[in-house]
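Visitor:
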Amino acid sequence: SCKPGLSAGRKSLKDALMWPCFVLLMCATCSAKPYRTNGTDEAQCNADPDSRFDCAPEKILSKEQCEERGCCYAPAKHSANGQPWCFYPPTYPSYVITNLTQTEMGYSATLTRSAPTFMPRDITTLRLDVMFETPTRLRFTIKDPVNVRYEVPLRTPKVSEGASSTLYDVQFNKDPFGMIVRRKSSGRVLVNTTVAPLLFADQFLQISTSLPSQYLYGLGEHLTSLILNLNWTRITLWNRDASPTKNLNLYGSHPFYVSMEKDGSAHGVFLLNSNAMDVLLQSAPALTWRTIGGILDFYVFLGPNPKAVVRQYQEVVGFPFMPPMWGLGFHLCRWGYSTTNITREVVRNMTKAGFPLDVQWNDIDYMDSYRDFTYDKKSFGDYAEMVKEGVWQRDPAISSSSPAGAYPPYDTGLKRGVFIMNETGQPLVGKVWPGDTVFPDFTNPETFVWWYDMVKGFHDQVPFDGMWIDMNEPSNFVYGSVNGCPQNDLENPPYVPANKSSNNPVLCHVSALVKILKKRPFIISRSTFASHGHYAGHWTGDVPSSWSQLYYSVPAILLFNMYGVPMVGADICGFGGNTTEELCVRWSQLGAFYPFMRNHNNLHSSSQEPYVFSQRAQNAIKMALNIRYTLLPYLYTLFHKAHSLGETVARALFIEFPSDPNTWTIDRQFLWGEALLITPVLEQGKTEVSGYFPAGLWYLPGFGQAIQSKGQWILLQAPLNPLTYMYIHVFHMPGQTVKQTRKSNLTLVVALDADGFARGDLYWDDGDSLDTLKKGDYTQVVFLLANVSPLNALVSEVIQVNSHADALTVEDVAVYGLAGPPNKVLVNGKPYESFTYNQITKVTLAVCQVGFLSLDNLYRSLVRLILTLHGGCSQISSLWSITGCVLTRPSCNPSISYWWWFLQCLFVQAPLSAKAST
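Position one of the sequence shown corresponds to residue 1 (the UniProt record's numbering), numbered consecutively onward.
1. Taking buried to mean at least 16 other C-beta atoms within 10 Å of its own C-beta, is A406 buried or exposed?
2. Quick one: what does DSSP say D436 is sitting in, helix, strand or coil?
3. Among residues of its own chain, excluding the 5 on either side of L603, which ones have a beta-carbon nearer than 7 angstroms to its beta-carbon?
4. Touching or not, the region 374 to 384 and the region 460 to 473, by the rule of three or more beta carbon pairs under 8 angstroms?
5. When you compare each of E64, P57 and A76 to D48 by their alpha carbons, which one comes out closest?
6. Compare the Cα-Cα distances from Y452 to each of I516, G187, L746 and S274 and report the closest residue.
7. Just how far apart, CA to CA, sit F330 and D169?
8. Determine the DSSP secondary structure at L645, reduced to helix, strand or coil.
9. In terms of alpha-carbon separation, which member of T194, N601, L808 and A786 lies closest to F177?
10. Roughly how many whole angstroms lie between the Cα atoms of Y299 and P306?
11. Evaluate K774 with the Cβ neighbour count: other Cβ atoms within 10 Å of its Cβ, from every protein chain shown; 16 or more gives buried, anything less gives exposed.
12. Could you tell me if residue 919 is buried or exposed, where buried requires 16 or more neighbouring beta carbons within 10 angstroms of its beta carbon?
13. Compare the Cα-Cα distances from N81 to each of R52, E64, Q102 and C66 and report the closest residue.
14. Could you check the C-alpha separation between G577 and L61 for me, to the nearest Å?
15. Using the C-alpha atoms, what's the distance from T687 back to Q717?
16. How would you label A276, buried or exposed, when you count the other beta carbons within 10 angstroms and need 16 or more for buried?
17. If we count Cβ pairs, one from each stretch, closer than 8 angstroms, do we get three or more for the region 309 to 322 versus the region 642 to 660?
18. Anyone know if the C-beta pair for V449 and T437 falls short of 8 angstroms?
19. Give the straight-line distance between the Cα atoms of S153 and L770, rounded to the nearest whole angstrom.
20. Which term fits A43, buried or exposed, when burial requires 16 or more other beta carbons within 10 angstroms of its beta carbon?
21. Reducing DSSP to helix, strand and coil, say where F442 ends up.
22. Tell me the DSSP secondary structure of Y95 in three-state form.
23. Leaving aside the five residues before and after G268 along the sequence, list all residues of the same chain whose C-beta is less than 6 angstroms from its C-beta, in chain order.
24. Would you tell me roughly how many angstroms separate the C-alpha atoms of N792 and E683, rounded to the nearest one?
25. For G39, which residues from the same chain have a beta carbon less than 8 angstroms from its beta carbon, with the 5 sequence-adjacent residues on both sides left out?
26. To the nearest angstrom, how far is the alpha carbon of A530 from that of Y563?
27. Can you tell me whether S525 is helix, strand or coil according to DSSP?
28. Could I get the ranges of all uninterrupted beta strand (DSSP E) runs contained in the region 147 to 219, with 3 residues as the minimum, in chain order?
29. Within a Cβ cutoff of 6 angstroms, which residues of the same chain sit near T125, ignoring the five residues on either side of it in sequence?
30. Do three or more CB pairs link the region 273 to 288 to the region 608 to 619 at distances below 8 angstroms?
31. For P658 and A266, which I take to be in contact (beta-carbon distance under 8 angstroms), what is that distance rounded to the nearest angstrom?
32. Between the Cα of E446 and the Cα atoms of I469, T412 and R155, which residue gives the shortest distance?
33. Sort D755, E67 and W764 by Cα distance to G776 and report the nearest one.
34. Run through DSSP, which three-state label would F380 get?
35. How would you label L599, buried or exposed, when you count the other beta carbons within 10 angstroms and need 16 or more for buried?
36. DSSP three-state call for S709: helix, strand or coil?
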């Protein structure tokens, strides 16, 4: 049916008025003969079953009840899969748009309800604001113009004038109201709210949209594959304490999705609303947002590629925090380290077995009766002496069961009025580990001050360096309170999302730690919401020890990177239940590539510290850890790019290769940045794994030969040793801690593309000072290699330098992608002759130590390292390398040289696509 409409681009209001024809596509044969409704003819109800929008969101209706609402009724022909039996006809009354006015930002209009709905307390008049904030970001809000409603207090960009040229165009349907957002370049519809009526009542807000394809990602946190299932799936967003289980809402809420379009373009949509909500996905494809409060505040990001979409989303919610470098090391924890002696013994065993370890955690065992801001003076009497670089765990709840005066956090909090109150004006009392418990109200500014005082007081006793925030959904062992829940409209809304609980106080913790430590805080939190990554990291909760959870951890870290939370990881070996040696080895190998790497175990589970397994398993885990510590300069540089540019650290393949549809569903492989492809073993008993290689030049493990992939799957051998991965980056030789590793010389690895080019960079600072980027207190180097005449050189250019670079030395340089050995090598213009070329391994070994970052270097003004290559190297088929000749023998196989062991045992590779990236 054709309806009069309005089109709004960045043009005059007169030019914007038009009468487009919106066509409703109808199915000629439906799954069941529809019933005639009051005032609705049969043709109005003859909708394709996949395009029906539910008219009974709150309960199941009979035919009579459905038709009484003015909706269509048609039972599904096949077994129930979520298709609604009661659904809206195209003529269902909604809002009518009037007073469309051009503004500095875009457009504003009034929406007036044409008839009441079945929900109580309809808001009959609404205000629509459409804001062209940037050429790639559109924002529109729908709110009550009279009564103030809750809006998320998120610091979003302030824009005073709309963009004059945009990648999007906006159209409005007048009656019933709807909006259509198109991509100008292709005309593709990205958002279309005309598919179903807008509902806006006091406690029920609903808006629907079509989707351009079935490739949809996001809407976390759930136990899910990377790509969402659009076959009548209901996704609930409401933070709650629950072990990760399919089809249930978990610890975080991220109302943001990325959608791939058929030509490889991508866009994203973010609903800035923190109320409990459901998101319904249907195979039309289409999506419906339902929430029980607040306003509708949407951002649409035009990309045009998924990497740009993620960056544009982070421009709204905040770029990720820059972690202290020690936080990138290996973390170890268990619920059950019940004394300082046990904790110390664990650290000694790790050191004795030769495992790197940077952070030793204590779970709730250290607390006095599980109360925050306390420690057990008997079992942890020397806790302060033990805690040097440990991480302290706490829950955001305060015990209320201690006698008056016995527990200062509760007594002072009560006096200062910082706790959440019940309907009688008294603190709401729930139950958590210490028993009766009250909850801080982190929307109260006084709570920030009180919380700082509590954290400062505890830090004066125990000098911790980081905080672990657990059970901050918040968790509560009873429903509501110890006295139950009051019977009112707030507790019994007309629509209840499928929740089986509000958001966390991370900002409060960050503020306190910055003031106390005066350096970068390291905070890991279980509960999350949009903007969380700007302040802290996340672990994926109490995952069971199972092979399925090993797999699900991969899409989890990829999705959280898309949400702007790059510091993320799962409990290695699993938290609940007993692991096996094989599972723990495979999990450790995968976990070596989690941005946040921690082995965490349950009180009642068997031990899973790396040193408890067989020597063969220990060697495999140790090698995986050594790989991680070797790659720390590259990983740290990735976090800098996330912090400064909004990039992802762990990256889904479709983000890097959006033009290859084969990558759009891959969630058993992932990238670190754009240079490292990780292909882990995720199934029991497997010694080989199939990996997808996007089109381009890739360097395979073991022998260094290059493969020009056309976009294909390759079967890789994967015995119980470190997983297959590829690289082009700067790296260190590993130490036992991040601090030791930072003191090592650097190795530069370069992999050429098919045209003989490569590019990479290094970011370096002291590892834990605040605002080093803002202060310019860092070193950044860009490396460029062009293996084309007459240059044939690797050049490094220092973009920024500081005193922390004094000790940085490039000791080894490895170049991949040359057909044979060079005839001549120059280092900083001086001939270098002592290199050899092994015809079997295709590796050239040589000493090439260059202190290129020292401040007294002759070339400090611009060029720090020039490595010139001369030789017939036009064909890209093999590997050669210039590397140091200190050949230490590895523990995994003492009979072979270090470099051959490095290639054979660590599976080092380096990918490059045709775009010459690093």
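Here a beta-carbon is modelled for each residue, glycine too, at the ideal position from N, C-alpha and C.
Remember, predicted model here, so these are calculated numbers, not experimental data.
Guide: Let me lay it out:
1. The residue given as residue 406 occupies position 406 in the sequence shown. Under this definition A406 is an exposed residue.
2. Residue mapping note: residue 436 aligns to position 436 of the sequence shown, counting from 1. The three-state secondary structure of D436, taken from DSSP, is strand.
3. Position 603 of the sequence shown, counted from the first residue, corresponds to residue 603. Closer than 7 angstroms at Cβ, skipping near neighbours: W335 and G336.
4. As far as the Cβ criterion goes, the region 374 to 384 touches the region 460 to 473, which means the pair count is three or higher.
5. As a first step, residue 48 must be located in the sequence shown, where it is residue number 48. For D48, the closest alpha carbon among the candidates E64, P57 and A76 is that of A76.
6. As a working note, residue 452 is residue 452 in the sequence shown. Checked all of I516, G187, L746 and S274; the closest Cα to Y452 is I516.
7. Along the sequence shown, read from residue 1 onward, the residue named residue 330 stands at position 330. Along the sequence shown, read from residue 1 onward, the residue named residue 169 stands at position 169. One C-alpha to the other measures close to 48 angstroms.
8. Your numbering for residue 645 matches position 645 in the sequence shown. It is helical.
9. Along the sequence shown, read from residue 1 onward, the residue named residue 177 stands at position 177. Nearest option by C-alpha distance: T194.
10. On the sequence shown, residue 299 is found 299 positions in, with the first residue counted as 1. On the sequence shown, residue 306 is found 306 positions in, with the first residue counted as 1. Answer to the nearest angstrom: the Cα atoms are 15 angstroms apart.
11. Your numbering for residue 774 matches position 774 in the sequence shown. K774 is exposed by the Cβ-count criterion.
12. Within the shown structure, residues of the chain are numbered from 1 to 918, placing residue 919 beyond reach of any answer.
13. Start at 1 with the first residue of the sequence shown, and residue 81 comes out as number 81. Considering only alpha carbons, the answer is R52.
14. In the sequence shown, counting from the first residue as 1, residue 577 sits at position 577. In the sequence shown, counting from the first residue as 1, residue 61 sits at position 61. Each residue's Cα considered, the two are about 43 angstroms apart.
15. On the sequence shown, position 717 is the one that residue 717 refers to. On the sequence shown, position 687 is the one that residue 687 refers to. Approximately 6 angstroms between the Cα atoms of the pair.
16. As a first step, residue 276 must be located in the sequence shown, where it is residue number 276. A276 should be labelled buried.
17. Counting C-beta pairs with one atom in each stretch, the region 309 to 322 and the region 642 to 660 have three or more that are closer than 8 angstroms, which means they touch.
18. On the sequence shown, position 449 is the one that residue 449 refers to. On the sequence shown, position 437 is the one that residue 437 refers to. The Cβ atoms of V449 and T437 lie no closer than 8 angstroms to each other.
19. Position 153 of the sequence shown, counted from the start, is the residue given in the question as residue 153. Position 770 of the sequence shown, counted from the start, is the residue given in the question as residue 770. The residue you asked about is not Ser; residue 153 is Pro in the sequence shown. About 25 angstroms.
20. As a working note, residue 43 is residue 43 in the sequence shown. With fewer than 16 Cβ atoms within 10 Å of its Cβ, A43 is classed as exposed.
21. Sequence index remark: in the sequence shown, residue 442 carries index 442 (1-based). F442 falls in the coil class under three-state DSSP.
22. Numbered from its first residue, the sequence shown carries residue 95 at position 95. Looking at Y95 - three-state DSSP - the assignment turns out to be strand.
23. Position 268 of the sequence shown, counted from the first residue, corresponds to residue 268. Only residues of its own chain outside the window of five on either side were considered, and among them V258, F301, V309 and Y313 have a CB closer than 6 angstroms to the CB of G268, listed in chain order.
24. Looking up residue 792 in the sequence shown gives position 792. Looking up residue 683 in the sequence shown gives position 683. In a straight line, the C-alpha of N792 is about 45 angstroms away from that of E683.
25. Taking the first residue of the sequence shown as position 1, residue 39 is located at position 39. No answer about G39 holds up, because its pLDDT of 44 lies below 50 and its placement is not dependable.
26. In the sequence shown, the residue the question calls residue 530 occupies position 530. In the sequence shown, the residue the question calls residue 563 occupies position 563. One C-alpha to the other measures close to 7 angstroms.
27. For the purposes of this step, residue 525 is taken as residue 525 along the sequence shown, with counting starting at 1. Strand at S525.
28. Here the runs fully enclosed are 168 to 173, 178 to 183, 189 to 192, 199 to 201 and 204 to 210.
29. The residue labelled residue 125 in the question sits at position 125 within the sequence shown. Once the five neighbours on either side are set aside, the close Cβ partners of T125 are T112.
30. A contact is defined here as three or more CB-CB pairs under 8 angstroms, and the region 273 to 288 fails this definition with respect to the region 608 to 619.
31. Numbered from its first residue, the sequence shown carries residue 658 at position 658. Numbered from its first residue, the sequence shown carries residue 266 at position 266. That pair is a contact at about 6 angstroms.
32. Residue 446 sits at position 446 when you count from the first residue of the sequence shown. Minimum Cα distance to E446 is reached at T412.
33. Within the sequence shown, numbered from 1, the residue matching residue 776 stands at position 776. When only C-alpha atoms are compared, the closest one is W764.
34. In the sequence shown, counting from the first residue as 1, residue 380 sits at position 380. In the three-state scheme derived from DSSP, where H, G and I count as helix and E and B as strand, F380 is classed as coil.
35. Numbered from 1 along the sequence shown, position 599 holds the residue referred to as residue 599. The question names Leu, yet the displayed sequence has Asn at residue 599. Buried is the call here.
36. On the sequence shown, residue 709 is found 709 positions in, with the first residue counted as 1. Here S709 sits in strand by DSSP.
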